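Just so we're aligned, residue 1 is where the sequence shown starts under the UniProt record's numbering, counting upward by one.
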Amino acid sequence: MGSIKVIGLGTGTIDQLPLGLYKQIVNGEQTVYTRTLDHPVVGQLKAEGVTFESMDNVYLAHEDFESVYNNISKWLVEKGQNEDIIYTVPGHPMVAERTVQLLLSQDQVHVEILGGQSFLDTIFTAVRIDPVEGFQFLDGTSLNRSQIEYRQHLIIGQVYDSLVASEVKLTLMEDLPHDYPVKVIQKAGSSEENVKTVPLYELDRHFEFSNLTTLYVKPADDELLHHQFRSIREVIRVLRGPNGCPWDRKQTHESLRKFLIEEAYEVIDAIGEEDDEHIAEELGDVLLQVMLHSQIAEDNGYFTVDDVIRSITDKMIERHPHVFGDVDVSSSDEVKVNWEAIKQKGKPKAASALDDLNESLPRLLFALEIQKKVSKVGFDWDDADLMFDKVKEEIEEFEEALSNGSIDEAELEFGDLLFSLVNVARFYKIDPEVALHRTCDKFIKRFQNLENMMESENVSIEEASLEVMDQYWEKAKQL
């Protein structure tokens, strides 16, 4: 059985090759296989009589890089099973070299890594940074926004052509300003090294890209990253900290309860206005409440926002087996059935269908929850006419209670009437709390229009008759 010796050619000139590696290549009698001839050291070694066989033709035969790398490593393994071979790659074999990782992952042929100079060394020198400050090295051909840490030095390799550069540009512009400075480094470490700074939006223009092109992005200031989750978490931590805000520091879960409800309804208002900017702002206020509750819990050693996120992430994955698993569904109704079944998994059988009611809900929503739970065990009408008959019956019973002069009885009957109306709303998939909220909002706007019209016409609302106000009310409705 043969073996594969992997040698890195460095980044720019033959002078960067350690003497031992140089001898391995020059003094060997076997053909040297190289991933690509497009490297200055290859030309210099060929001038000294070294024969290379390249894999450049594999690039032309496949449309994606992963297929290229898989085929190169497969071919090398087949060769290495019968003879000892040398395989050279740009830079260092263990830095941004996918073919080497694939070779190391197989067990058919022994692979020996002999070293080489990493192009990262020359990049650090070209842009004059100290890596101890923290840096990230990412692949431009598979750049993932979620992986990028903009607070560190960012080095992006594998920017072979303008198409890759364009994809990199679009990914970076999701977080950075369009004119953020980016350094384009060509042939780092060679006599032809060139470093040019361009605004981000010009990244894919006016350059001749090659496998020796690297990008450098300097760390971003915090204010540019206020849209990232880490920023809001740090702000809340400071507000609740020893030198933070007295109001935020004294809040508790109990004191914040009303604000969470208020902020949720303000989101509903913004949705009703169909104002996207307002929706985003109000959702931010809801997120603030989540962050405050999470920080309060963290300060007291109970849980952190990480636990909150982990909990909902695990729950969403578990309850969507048709997305993250191998369950097949054909409709949203099937999704709901599966959801309920998964919710009950592992729970002891309830003594009552009305166990686990959320007592903190507003009563309209509480009534809705009660009706949903009993509906699941079959206690429900499937005919809207019967529901409307029940509403009429409750109106009559309410009127009768009023005629009897019993406020206590009338209150109960009025509650029955509301409960029956909630049932009608549920049948037609109307949220009664949202419906009432919209009606209140509509009433406020109309009444304020009425006030404005009467004031503009010098009509005193305090002295006007109900008939006069009703006329203005009808005008306000038209607005």
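Glycine included, C-beta positions come from ideal geometry on N, C-alpha and C. Model, not experiment: these values are computed from the prediction.
CB-CB length for residue i against residue j, believed under 8 angstroms
i: ILE156; j: GLY134; result: Contact doesn't hold; Cβ gap of about 16 angstroms is too wide.
i: GLN30; j: ILE86; result: 7 angstroms
i: ASP161; j: PHE209; result: 5 angstroms
i: GLY115; j: ILE4; result: About 14 angstroms; that fails the 8 angstroms criterion.
i: ASP84; j: GLY2; result: 5 angstroms
i: ARG240; j: ASP307; result: Going by Cβ atoms, the distance from ARG240 to ASP307 rounds to 17 angstroms, so no, they are not a contact pair.
i: GLU78; j: VAL89; result: That belief does not hold up - the Cβ atoms of GLU78 and VAL89 are roughly 18 angstroms apart, past 8 angstroms.
i: THR171; j: LEU143; result: 5 angstroms
i: SER190; j: PRO93; result: Rounded, the Cβ-Cβ distance is 19 angstroms, inconsistent with contact.
i: THR11; j: THR122; result: 5 angstroms
i: ALA353; j: LYS372; result: Incorrect: roughly 10 angstroms between the Cβ atoms, too far for contact.
i: GLY284; j: ARG438; result: Contact flag wrong, Cβ pair sits at about 22 angstroms.
i: MET291; j: ARG233; result: 7 angstroms
i: ASN458; j: ALA476; result: The pair is not a contact, with the Cβ atoms about 17 angstroms apart (cut-off 8 angstroms).
i: ALA464; j: MET454; result: 7 angstroms
i: GLU397; j: ASP416; result: 7 angstroms
Continuous beta strand (DSSP E) stretch holding residue i: start and end
i: residue 554; result: Lying outside 1 to 479, the shown extent of the chain, residue 554 is not represented and no answer is given.
i: SER105; result: Careful: SER105 lies outside any beta strand (DSSP E) and carries neither H nor E.
i: VAL394; result: Correcting the residue identity first, residue 394 is Glu in this sequence and not Val. No beta strand (DSSP E) holds GLU394; the alpha helix (DSSP H) holding it covers 384–403.
i: GLN186; result: 181–186
i: PHE366; result: Segment 363–376 is the alpha helix (DSSP H) holding PHE366; no beta strand (DSSP E) there.
i: SER3; result: 3–8
i: LEU138; result: 135–139
i: ILE461; result: Unbroken run through ILE461: none, as it is neither H nor E.
i: TYR150; result: From DSSP, TYR150 is part of no beta strand (DSSP E); its letter is neither H nor E.
i: VAL217; result: 213–217
i: LEU114; result: 110–115
i: VAL132; result: Element bounds for VAL132: n/a, residue is neither H nor E.
i: ILE85; result: 85–89
Assigned exposure category for residue i - 16 Cβ within 10 Å defines buried
i: LYS187; result: buried
i: LEU60; result: exposed
i: ARG35; result: buried
i: ILE444; result: exposed
i: PRO199; result: exposed
i: HIS153; result: buried
i: GLN147; result: exposed
i: VAL327; result: exposed
i: ILE461; result: exposed
i: GLY91; result: buried
i: PHE379; result: exposed
i: ILE407; result: exposed
i: ALA270; result: buried
i: LEU479; result: exposed
i: GLN117; result: buried
i: MET55; result: buried
i: LYS46; result: exposed
i: LEU37; result: exposed
i: GLU282; result: buried
i: VAL111; result: buried
i: VAL6; result: buried
i: TYR150; result: buried
Bounding residues of the alpha helix (DSSP H) (the contiguous stretch that carries residue i)
i: THR36; result: Looking at the DSSP string, THR36 is not in any alpha helix (DSSP H), and its letter there is neither H nor E.
i: LEU417; result: 407–427
i: HIS437; result: 432–456
i: ASP56; result: 56–61
i: PRO119; result: In the sequence under discussion, the amino acid at residue 119 is Phe, which differs from the Pro named in the question. From DSSP, the alpha helix (DSSP H) with PHE119 extends over 119–127.
i: ILE236; result: 229–239
i: ILE25; result: 19–26
i: THR171; result: 162–172
i: ILE72; result: 65–80
i: GLU340; result: 332–344
The ligand NAP heavy atom lying under 7 angstroms from the CB of residue i
i: ALA270; result: The model on display carries no ligand, and the ligand NAP is accordingly not part of it.
Min CB distance residue i to chain C below 8 angstroms
i: LEU224; result: Here chain C cannot be found, since the structure has a single protein chain.
_Is it the case that the stretch 68–77 contacts the stretch 7–26, given that we only count it when at least three CB pairs across the two stretches are under 8 angstroms?_
no
*Contact between the stretch 210–217 and the stretch 158–165 (3+ Cβ pairs under 8 angstroms)*: yes
*Given 8 angstroms as the limit, is there contact between the stretch 324–341 and the stretch 388–402, that is, 3 or more CB pairs closer than that?*
Result no; under three Cβ-Cβ pairs closer than 8 angstroms.
*Go through the UniProt domain "NTP pyrophosphohydrolase MazG-like" (251–324) residue by residue and report every complete run of the alpha helix (DSSP H) that reaches 4 residues or more, in order.*
For secondary structure counted as the alpha helix (DSSP H) over 4 or more consecutive residues, the UniProt domain "NTP pyrophosphohydrolase MazG-like" (251–324) holds these complete runs in sequence order: 253–273, 276–299, 305–318 and 321–324.
*Any chance the stretch 411–428 sits against the stretch 256–270, with 3 or more Cβ pairs inside 8 angstroms?*
Counting Cβ pairs under 8 angstroms, fewer than three are found: no touch.
*Taking contact to mean at least 3 C-beta pairs separated by less than 8 angstroms, is the stretch 280–300 in contact with the stretch 248–255?*
yes
_Contact between the stretch 226–233 and the stretch 176–194 is defined here as three or more beta-carbon pairs at a separation below 8 angstroms; is this criterion met?_
They do not touch, by the three-pair rule.
*the stretch 358–367 touching the stretch 428–437, judged by at least three CB pairs closer than 8 angstroms*: Because the criterion of three Cβ pairs below 8 angstroms is met, the stretch 358–367 and the stretch 428–437 touch.
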